[in-house]
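With the numbering used here applied, the sequence shown corresponds to residues 54 to 433, in that order.
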Amino acid sequence: MKDEDLKTTEEHARSTGYKEHHEPWIRMVKRDDVSKKRAIAVRAAAIAGALIVGGILIFLMGHNPILVYGDMINGSLGSPLVLRETTRLAIPLLITGMGIGLAFKMRFWNIGAEGQIIAGATAASYFALFHHQNMPSPVLLVVMFIAAVVAGGIWGMIPAVFKAKWNTNETLFTLMLNYIALEGIRYLQFGPWRDPGMMGFPVISMFNQAARLPRVFGVHIGWIIALVLVALVYIYMKKSKQGYEITVVGESIQTARYAGINVKMVILRTMFISGAIAGITGFVTVAGANSTISEGVTGGVGFTAITVAWLAKLNPAAMIAISVFLAILQKGSGTIQTIYGIPEAAAQLLTGLILFFMLGCEFFLNYKLIFRGNKKGAAL
Numbered sequence: 054m055k056d057e058d059l060k061t062t063e064e065h066a067r068s069t070g071y072k073e074h075h076e077p078w079i080r081m082v083k084r085d086d087v088s089k090k091r092a093i094a095v096r097a098a099a100i101a102g103a104l105i106v107g108g109i110l111i112f113l114m115g116h117n118p119i120l121v122y123g124d125m126i127n128g129s130l131g132s133p134l135v136l137r138e139t140t141r142l143a144i145p146l147l148i149t150g151m152g153i154g155l156a157f158k159m160r161f162w163n164i165g166a167e168g169q170i171i172a173g174a175t176a177a178s179y180f181a182l183f184h185h186q187n188m189p190s191p192v193l194l195v196v197m198f199i200a201a202v203v204a205g206g207i208w209g210m211i212p213a214v215f216k217a218k219w220n221t222n223e224t225l226f227t228l229m230l231n232y233i234a235l236e237g238i239r240y241l242q243f244g245p246w247r248d249p250g251m252m253g254f255p256v257i258s259m260f261n262q263a264a265r266l267p268r269v270f271g272v273h274i275g276w277i278i279a280l281v282l283v284a285l286v287y288i289y290m291k292k293s294k295q296g297y298e299i300t301v302v303g304e305s306i307q308t309a310r311y312a313g314i315n316v317k318m319v320i321l322r323t324m325f326i327s328g329a330i331a332g333i334t335g336f337v338t339v340a341g342a343n344s345t346i347s348e349g350v351t352g353g354v355g356f357t358a359i360t361v362a363w364l365a366k367l368n369p370a371a372m373i374a375i376s377v378f379l380a381i382l383q384k385g386s387g388t389i390q391t392i393y394g395i396p397e398a399a400a401q402l403l404t405g406l407i408l409f410f411m412l413g414c415e416f417f418l419n420y421k422l423i424f425r426g427n428k429k430g431a432a433l
C-alpha cells in the first residue's frame with residue numbers, strides 16, 4: 054500500500070470512530086496487590102450488603118429479619134445437639150474442598166468430586182456390606198478407608214490420563230463422570246445390592262455396627278480425619294517438592310517443562326490424590342454419617358466444595374472456617390424453614406445471596422473494571 058493510501062485510510066478510521074467502536078465498552082483488568090485493611094473492609098462490606106439484601110427479602114415475606122437471623126445462628130450453634138449436626142455437615146465440605154483445591158492449584162478444573170465421592174463410597178460400602186463378618190471392626194474400617202482412597206483416586210485419574218495424553222477438556226470430562234458414577238450406584242441400589250427385606254423398595258441395607266465409625270464428642274471421627282488431612286495437605290503443598298511442582302505447573306506449563314518437571318506425571322499424580330481425598334469424603338459419609346449408601350450419598354457436596362476452595366483461596370487452613378460457615382448457613386436455613394414456615398426455595402435463595410456477595414467481593418478484590426474512555430479505570 055502506498056504512503057498516501059495508508060494515510061488516507063488512517064484518517065478515515067479516525068473520522069469514523071473505528072478505534073472507539075472496536076474498543077470494548079468494559080474490560081476486566083487484574084488489580085495490583087490489595088492492602089489487608091482494604092481487603093478486610095471490602096469483605097465486611099460484602100457481608101453487610103448480603104445481610105441487608107437478605108433482610109429485605111425476609112421482610113417482604115412478613116418476618117422480622119433480626120429474629121430470623123438470630124434463629125439461624127441459634128439453630129446451628131445454639132445447643133450441643135445442633136452444634137454436632139453443624140459439625141457433621143462441615144466435615145464433607147472440608148475434606149472435599151481440600152481435594153478440589155489440589156486440582157485447582159494445578160489449574161486442572163476438577164468438577165467431578167461428586168463422582169469421586171460416589172466411587173469412594175461404593176468401594177467402602179462393598180466391604181461394609183459383604184465382608185463385615187470376616188474382619189474385626191478396626192481392620193474392616195481400615196480396609197474400607199483404603200478401598201475408598203483407591204477407588205476415588207482412580208476415578209479422579211481417568212480424566213487426567215485423557216488430559217495428559219490427548220489434552221481433552223477436563224471440565225466436561227470430570228462433570229460427565231459424575232453422572233456415570235451416579236448411574237452406577239442407582240444400578241446397585243435397584244439391583245444386586247437392594248435389601249430383600251425392604252418389601253421391594255430400592256434401599257440398600259444399613260451397615261453392621263462393625264462398619265461404622267466410632268464417635269468422639271458425639272460426632273463420628275470424620276472430623277478428626279478432616280483435621281489431620283488439613284495438616285497433611287498444607288505440608289504437602291507448602292513444604293514438599295511435589296507441592297512446588299503443582300504450583301509451577303499451575304502457573305505455567307511451559308515454565309514447568311523448561312524447569313525439567315514431568316508435567317504429565319504431575320497431572321496424573323495430583324488428580325489421583327485429589328480424587329482419593331474426595332473418596333475419603335465418601336468413606337466418612339457412608340461409615341460415619343449415613344451408615345449406608347444411596348444415590349443421594351453426596352448431597353451436592355462435590356459442587357458446594359468448589360465454593361469452599363475458592364473462598365479459601367485454595368488454603369487448607371482457611372477451608373476450615375469456610376466449611377463451618379457454609380454448614381451454619383445450611384443448618385440455619387433448615388431451622389428457619391421449620392420455625393417460620395419459610396419455603397425451602399426462599400431459604401436457599403437467602404443462602405445463595407450471602408454466597409453471591411462473598412464471591413463477588415473476592416472478584417473485585419482481584420480485578421477491576423475499566424469502562425471505555427476511562428483511562429484510569431473504574432473498580433466496582
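In this text, a Cβ means the ideal position worked out from N, Cα and C, and glycines have one as well.
Determine which residues share a DSSP beta bridge with residue i and list them.
i, result
"Y420", "K83"
"R268", "H273"
"R247", "I257"
So for residue i, helix, strand or coil by DSSP?
i, result
"R160", "coil"
"I257", "strand"
"V350", "coil"
"Q186", "coil"
"A365", "coil"
"T388", "helix"
"E357", "Note that residue 357 corresponds to Thr in the displayed sequence, not to Glu. If DSSP states are grouped into helix, strand and coil, T357 belongs with the helices."
"A312", "coil"
"T140", "helix"
"N117", "coil"
"S305", "coil"
"N222", "coil"
"M252", "coil"
"S344", "coil"
"P77", "coil"
"P133", "helix"
"G165", "coil"
"G394", "coil"
"S88", "coil"
"S293", "coil"
"L59", "Note that L59 has pLDDT 48, beneath the 50 cutoff, so the model's placement of it is unreliable and no number is given."
"C414", "helix"
From what residue to what residue does the alpha helix (DSSP H) around residue i run?
i, result
"S190", "S190 to W219"
"T323", "V316 to V337"
So residue i and residue j are supposed to be a Cβ contact under 8 Å. How far apart are they, rounded?
i, j, result
"I320", "M159", "7 Å"
"N419", "R84", "6 Å"
"L155", "S327", "5 Å"
"G123", "L406", "Not quite, the Cβ-Cβ distance comes to about 18 Å (not below 8 Å), so this is no contact."
"G355", "I170", "6 Å"
"V281", "A174", "The pair is not a contact, with the Cβ atoms about 20 Å apart (cut-off 8 Å)."
"G205", "G335", "6 Å"
"I233", "E348", "Not a contact, Cβ separation roughly 13 Å."
"G150", "S376", "6 Å"
"P118", "I126", "That pair is no contact at about 13 Å."
"T140", "W276", "6 Å"
"A99", "F410", "5 Å"
"V301", "I314", "6 Å"
"V135", "K384", "7 Å"
"I346", "S178", "4 Å"
"S132", "F260", "In fact, because the Cβ distance is near 28 Å, the residues do not count as touching under 8 Å."
"G168", "N220", "The pair is not a contact, with the Cβ atoms about 21 Å apart (cut-off 8 Å)."
"V337", "I278", "6 Å"
Quick one, are the C-beta atoms of residue i and residue j less than 9 Å apart?
i, j, result
"L379", "V361", "yes"
"A201", "M324", "no"
"A342", "A166", "no"
"L182", "A263", "no"
"I330", "V269", "no"
"I223", "N163", "Correcting the residue type first, residue 223 is Glu in the shown sequence and not Ile. It is a contact, given that the beta carbons lie within the stated cut-off."
"M210", "K421", "no"
"S129", "T351", "no"
"K216", "F157", "no"
"S147", "V283", "Residue 147 is actually Leu in this sequence, not Ser. In contact: L147 and V283 (Cβ atoms closer than 9 Å)."
Please confirm whether any heavy atom of the ligand NAD lies closer than 8 Å to the CB of residue i.
i, result
"S344", "Of ligands this structure carries none, so the ligand NAD is not represented either."
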